[in-house]
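Enquirer: To start, I am sharing the structure in question, which I have written as structure tokens.
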Amino acid sequence: PNSLFFAGFVAGSRSDGSGALAVFLAGPALHDGRERGRAPRQPVPVLVGNRHNEGGEARNRRRSGAASRKQIWAVTEGKAAILFPKPNEVFYNPVQEFNRDLSIAAIRTWDKLRRREVAKHRAHASVTLLRALSDMFGPFLLTFKILEALSASGIRSVRYGKEIPNVDEIIANDVDAEAVESIKRNVARNKLEDLVVPNHGDAMYARERRGGARFRWAYGHTLTERPTRRRDIMYAHRTNDKQFDVVDLDPYGSASRFIDGAVQSVANGGLLCVTCTDLGVLAGHRHGEKW
1 PNSLFFAGFV AGSRSDGSGA LAVFLAGPAL HDGRERGRAP RQPVPVLVGN
51 RHNEGGEARN RRRSGAASRK QIWAVTEGKA AILFPKPNEV FYNPVQEFNR
101 DLSIAAIRTW DKLRRREVAK HRAHASVTLL RALSDMFGPF LLTFKILEAL
151 SASGIRSVRY GKEIPNVDEI IANDVDAEAV ESIKRNVARN KLEDLVVPNH
201 GDAMYARERR GGARFRWAYG HTLTERPTRR RDIMYAHRTN DKQFDVVDLD
251 PYGSASRFID GAVQSVANGG LLCVTCTDLG VLAGHRHGEK W
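This is the structure in structure tokens:
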């Protein structure tokens with residue numbers, strides 16, 4: 001069972017005829033990378049300066065000339081170098097490295113297929129204004145935007161920025177303030193400030209159609225109403241001019257409550273990546289208990 005890994009590809013369509021490709025990745029939570037002949041990467045403690053979000057006592061020590069330092073946990077995965085303030089302060093799962101490898105491979109493959117389609121249509125275009133416009137705007141049309149809706153430490157977004165070509169922008173979103181600070185720190189460490197944008201907001205939030213109470217998640221129910229929070233990132237990007245080319249979901253537990261917002265925020269012909277830690281989370285009938 002430790003060698004089992006499931007990857008599903010689903011081509012979906014909306015009522016308006018547009019569609020997107022969805023990739024569902026699921027594997028055992030205990031998968032540790034030994035199938036590929038290597039042990040899982042473990043965080044390594046290092047010492048760095050502590051001037052980020054330091055308290056009054058730390059500032060006083062620094063002003064008096066005393067060094068202010070604390071232990072930071074560091075890990076290298078792929079081409080990314082990630083820092084953590086302390087173990088478990090921001091969620092990082094080293095055994096999911098293989099999953100992130102697969103996500104990168106899936107996005108790179110989707111991009112190659114998309115470019116192949118563009119080249120095919122361009123080759124059949126007549127030498128007219130259409131061909132001229134294709135040559136003029138082609139490089140801009142072939143870049144794409146990625147949303148990581150549940151980013152946590154930001155390692156997935158940093159790896160995307162380091163290892164996937166032709167990306168124009170990556171939004172690394174998380175609802176937890178500590179996680180967003182971790183994302184900012186790791187983006188700066190990897191020199192990706194011009195590519196990866198940390199965002200503090202909810203992946204999904206809505207109100208009931210009747211009354212003002214916060215929506216109580218009912219599994220299997222599809223949300224179609226307008227969002228009621230400006231920080232709700234997926235529903236805020238439902239229009240064609242704001243949609244993302246790739247939406248990545250890697251939730252802690254079931255992804256069911258995020259699917260509707262993700263489908264509505266991914267562009268026509270885009271890619272939706274959904275990660276589940278095991279098949280019970282992906283297909284089990286008690287997915288609410290996995291949260």
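Mapping to the UniProt record's numbering: the sequence shown position 212 is 212, numbers consecutive. Beta carbons: idealized from backbone N, C-alpha and C, even for Gly.
(1) Within the continuous beta strand (DSSP E) that includes G161, where are the two ends?
(2) Which value, in whole angstroms, describes the spacing of the CA atoms of L271 and N186?
(3) Tell me, please, which residues DSSP counts as bridged to F98.
(4) If we ignore side chains and look at the alpha-carbon of each, how far apart do R100 and D250 end up?
(5) Run through the DSSP bridge pairs and tell me what I82 is partnered with.
(6) Is it the case that the segment 258-277 contacts the segment 238-247, given that we only count it when at least three CB pairs across the two stretches are under 8 Å?
(7) Might you give, ordered along the chain, the residues of its own chain that have their beta carbon closer than 6 Å to the beta carbon of E148, omitting 5 neighbours on each side?
(8) Per DSSP, K145 is paired with what?
(9) Could you give the first and the last residue of the continuous alpha helix (DSSP H) run that contains V196?
(10) Quick check: R108 and I170, are their CB atoms within less than 8 Å of each other?
(11) With the cut-off set at 8 Å, would you say V274 and F144 are in Cβ contact?
(12) Distance, Cα to Cα, F84 vs A188?
(13) Is G201 near D176, with beta carbons less than 8 Å apart?
(14) Report the rounded CA-to-CA distance for residue 304 versus W73, giving the unit in angstroms.
(15) Run through DSSP, which three-state label would V266 get?
(16) Looking only at C-alpha atoms, which of V180, K162 and V167 sits nearest to G78?
(17) Ordered along the chain, which non-local residues of its own chain (more than five positions away) have a Cβ less than 7 Å from that of residue 295?
(18) Could you give the residue range of the alpha helix (DSSP H) that holds I183?
(19) Out of F91, M234, I82 and V95, state which residue places its alpha-carbon closest to the alpha-carbon of T277.
(20) Using beta-carbon positions only, say whether R115 and L142 come within less than 8 Å of one another.
(21) Report the rounded CA-to-CA distance for P198 versus S153, giving the unit in angstroms.
(22) Use the C-beta contact count for P1: other C-beta atoms within 10 angstroms, 16 or more gives buried, fewer gives exposed.
(23) Exposed or buried, A203, counting other C-beta atoms within 10 Å across all chains shown (16 or more means buried)?
(24) Short of 8 Å in beta carbon distance, which residues of its chain neighbour F91, apart from the five on each side in sequence? Order them along the chain.
(25) Is D111 helix, strand or coil by DSSP?
(26) Taking the alpha carbon of D174 as the reference point, which residue from E97, I183 and L195 has its own alpha carbon closest?
(27) Are there 16 or more other CB atoms within 10 angstroms of the CB of E97, so buried, or fewer, so exposed?
(28) Starting from D260, follow its DSSP beta bridges and name the residues at the other end.
(29) Note down the Cα distance separating K191 from V75, rounded to an integer number of angstroms.
Expert: The answer reads as follows:
(1) Mapped onto the sequence shown, residue 161 falls at position 161. No beta strand (DSSP E) holds G161; the alpha helix (DSSP H) holding it covers I155 to E163.
(2) Taking the sequence shown and counting its residues from 1, the one referred to as residue 271 is at position 271. Taking the sequence shown and counting its residues from 1, the one referred to as residue 186 is at position 186. Each residue's alpha carbon lies about 25 Å from the other.
(3) As a working note, residue 98 is residue 98 in the sequence shown. F98 pairs with nothing; no bridge assigned.
(4) As a working mapping, residue 100 is identified with position 100 in the sequence shown. As a working mapping, residue 250 is identified with position 250 in the sequence shown. Approximately 10 Å between the Cα atoms of the pair.
(5) Here residue 82 refers to the residue found at position 82 when the sequence shown is read from its first residue. Paired residues: V75.
(6) yes
(7) One-based indexing of the sequence shown puts residue 148 at position 148. Contacts found: R156, S157, A172 and D248.
(8) Sequence index remark: in the sequence shown, residue 145 carries index 145 (1-based). In DSSP, K145 forms a bridge with E169.
(9) Residue mapping note: residue 196 aligns to position 196 of the sequence shown, counting from 1. That residue, V196, is in no alpha helix (DSSP H); its beta strand (DSSP E) goes V196 to H200.
(10) The residue given as residue 108 occupies position 108 in the sequence shown. The residue given as residue 170 occupies position 170 in the sequence shown. Taking 8 Å as the Cβ cut-off, R108 and I170 do not qualify as a contacting pair.
(11) To locate residue 274, count along the sequence shown from 1; it is residue 274. To locate residue 144, count along the sequence shown from 1; it is residue 144. No, Cβ-Cβ distance for V274 and F144 is not below 8 Å.
(12) Along the sequence shown, one-based indexing puts residue 84 at 84. Along the sequence shown, one-based indexing puts residue 188 at 188. About 13 Å.
(13) As a working note, residue 201 is residue 201 in the sequence shown. As a working note, residue 176 is residue 176 in the sequence shown. For G201 and D176, no; Cβs fall outside 8 Å.
(14) Nothing about residue 304 can be read from this structure; the chain reaches only from 1 to 291.
(15) Residue mapping note: residue 266 aligns to position 266 of the sequence shown, counting from 1. Note: V266 maps to strand in three-state DSSP.
(16) Within the sequence shown, residue 78 is the residue found at index 78, counting from 1. When only C-alpha atoms are compared, the closest one is K162.
(17) Absent from the structure is residue 295, since the part of the chain shown begins at 1 and ends at 291.
(18) Taking the sequence shown and counting its residues from 1, one reaches residue 183 at position 183. Element bounds for I183: A177 to R189.
(19) Locating residue 277 in the sequence shown gives position 277, counting from the first residue. Among F91, M234, I82 and V95, the Cα nearest to that of T277 belongs to V95.
(20) Indexing the sequence shown from 1 puts residue 115 at position 115. Indexing the sequence shown from 1 puts residue 142 at position 142. In this structure, L142 lies closer than 8 Å to R115 by Cβ.
(21) Indexing the sequence shown from 1 puts residue 198 at position 198. Indexing the sequence shown from 1 puts residue 153 at position 153. When rounded, the distance between both Cα atoms is 11 Å.
(22) The residue given as residue 1 occupies position 1 in the sequence shown. Annotation note: pLDDT 34 at P1 (below 50); position unreliable, coordinate value reported separately. Exposed, since its Cβ has fewer than 16 Cβ neighbours within 10 Å.
(23) Your numbering for residue 203 matches position 203 in the sequence shown. The residue in question, A203, is buried, as its Cβ has 16 or more Cβ neighbours within 10 Å.
(24) Counting from one through the sequence shown, the residue named residue 91 turns up at place 91. A152, S153, A179 and Y252, listed in sequence order.
(25) On the sequence shown, position 111 is the one that residue 111 refers to. Helix.
(26) Working through the sequence shown from its first residue, we reach residue 174 at position 174. D174 has its Cα closest to that of I183, out of E97, I183 and L195.
(27) What you label residue 97 is simply residue 97 of the sequence shown in a count that begins at 1. By the neighbour-count rule (16 or more Cβ atoms within 10 Å), E97 is buried.
(28) Walking along the sequence shown from the start, residue 260 turns up at place 260. Its beta-bridge partners do not exist; DSSP assigns none.
(29) Stepping through the sequence shown from its first residue, residue 191 is reached at position 191. Stepping through the sequence shown from its first residue, residue 75 is reached at position 75. Roughly 16 Å between the two C-alpha positions.
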